[in-house]
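These notes are about the structure you will find just below.
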Amino acid sequence: MAMAGLRDLSIIATPPPNRLAVKTFITAWDNALLREAFQRELARGGQLYFLHNDVESIGRMQRELAELVPEARIGIAHGQMPERELERVMLDFQKQRFNVLLSTTIIESGIDIPNANTIIINRADRFGLAQLHQLRGRVGRSHHRAYAYLVVPDKRAMTPDAEKRLEAIASMDELGAGFTLATHDLEIRGAGELLGEDQSGQMAEVGFSLYTELLERAVRSIRLGKLPDLDAGEEARGAEVELHVPALIPDDYLPDVHTRLTLYKRISSARDSAELRELQVEMIDRFGLLPDPAKHLFAIAELKLQANVLGIRKLELGENGGRI
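Each residue of the sequence shown is one higher than the one before, counting from 3 in our numbering.
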């Protein structure tokens, strides 16, 4: 309701002074890479979390880590331990009596240990986006650079939604990205039964983006004291620009159809040239240099913005000239 304008929305996006963003890596299990991550943190006198969310095999994982990094002092924490023993383990870790905490998701919240600045999450594909964001937030709580390693299996063993979650958490690693991640999570998981199959009518044909667009239009009309006219979309669509050139995000540039649709929505919803430029920079950073069809797409979006300012409803340009 806040995103639709029915309620006020407050976003805390300013980090504490001297905080650095957590560098996030997605990797398969690699003994050399993981050993390097352990050694780098231990060499600067820091501590690590190693998250293994399976109580039955956590003892075996401790033996594997002890063999991989013999110099590490490893403690175990999970929810099936007696309360006093668990409390003792957490206090010992806080007092740096050991430097690696092998745990389940029991550390997800309420843990603030500034000296722990590396977290390794085993089978990160099994966690939700909000969980991954919370777990990554266990490190980077001081002025030191922190690192998060998301260990995943082969792509064939992951679901499409898991890949989307990992892509989102890796790309949104700057400070203050929590709200953006929450919107990604909403897009991936859906908005519950609001647009689900239990509703009557053709809700499956609407989708979350179109629903929010219709809702925003209705709220805007009501605030102006008018009745919502959801069928009259000409004004909302703005100018029509036809340059007779391919203008799209090619499949070979960005194979994931969900991400492409999200970007199309963001491009068409851009309010000004600065927002379009920021989106171009983001795409280049995430996927590489823009191919020509994608450049054309941004150029047409820019022309639409200018045409709207000038009151132009249709602009057409081809080999035989143009028409306004």
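Idealized CB from N, CA, C, for every residue including glycine. All values derive from a computational prediction rather than experimental measurement.
Rounded separation between N101 and A30 - CA only: When rounded, the separation of the alpha-carbon atoms in N101 and A30 is 24 Å.
Contact set for H246: own chain, Cβ-Cβ below 6 Å, skip 5 residues either direction: For H246, the CB contacts under 6 Å within the same chain, skipping 5 residues up- and downstream, are G320 in chain order.
Residues near N20 by beta carbon distance below 7 Å, same chain, minus five either side: Excluding its 5 nearest sequence neighbours in each direction, N20 has C-beta neighbours in its own chain below 7 Å: H145, listed in chain order.
In DSSP terms, what A150 is bridged to: Answer is T26 and I121.
Sub-8 Å separation of V154 and T106 beta-carbons: Taking 8 Å as the Cβ cut-off, V154 and T106 do not qualify as a contacting pair.
Residue burial classification, L50 (beta-carbon count within 10 angstroms, cutoff 16): It is buried - the Cβ of L50 has at least 16 other Cβ atoms within 10 Å.
Spatial neighbours of E236 in its chain, beta-carbon cut-off 6 Å, leaving aside the 5 residues before and after: Confidence at E236 is low in this model, with a pLDDT of 46, below 50, so its placement is unreliable and no value can be given for it.
Residue range of the beta strand (DSSP E) that includes Q282: In this chain, Q282 is not harboured by any beta strand (DSSP E); it is covered by the alpha helix (DSSP H) spanning S275 to F289.
Presumed contact (8 Å Cβ cut-off) between A68 and I122, rounded CB distance: Your pair A68 and I122 does not check out as a contact, with CB atoms roughly 15 Å apart and the cut at 8 Å.
Close-in-space but distant-in-sequence residues of the same chain around A249 (CB under 7 Å, 5 per side omitted): Non-local C-beta neighbours of A249 in its own chain, meaning closer than 7 Å and more than five positions away in sequence, comprise P295, H298, L299 and I302, ordered along the chain.
Proximal residues to L317 (C-beta, below 6 Å), its chain only, five neighbours per side dropped: So the qualifying residues of the chain are V243, A309 and I326.
Three-way DSSP call (helix, strand, coil) for S105 in this model: Residue state, collapsed to three classes: strand.
Assigned secondary structure, L307 (DSSP; H/G/I helix, E/B strand, else coil): Per DSSP, reduced to three states, the secondary structure at L307 is helical.
With 16 other Cβ atoms within 10 Å as the buried cut-off, status of N119: By the neighbour-count rule (16 or more Cβ atoms within 10 Å), N119 is buried.
Extent of the continuous beta strand (DSSP E) to which E321 belongs: Neither: E321 is in no beta strand (DSSP E) and is coded neither H nor E.
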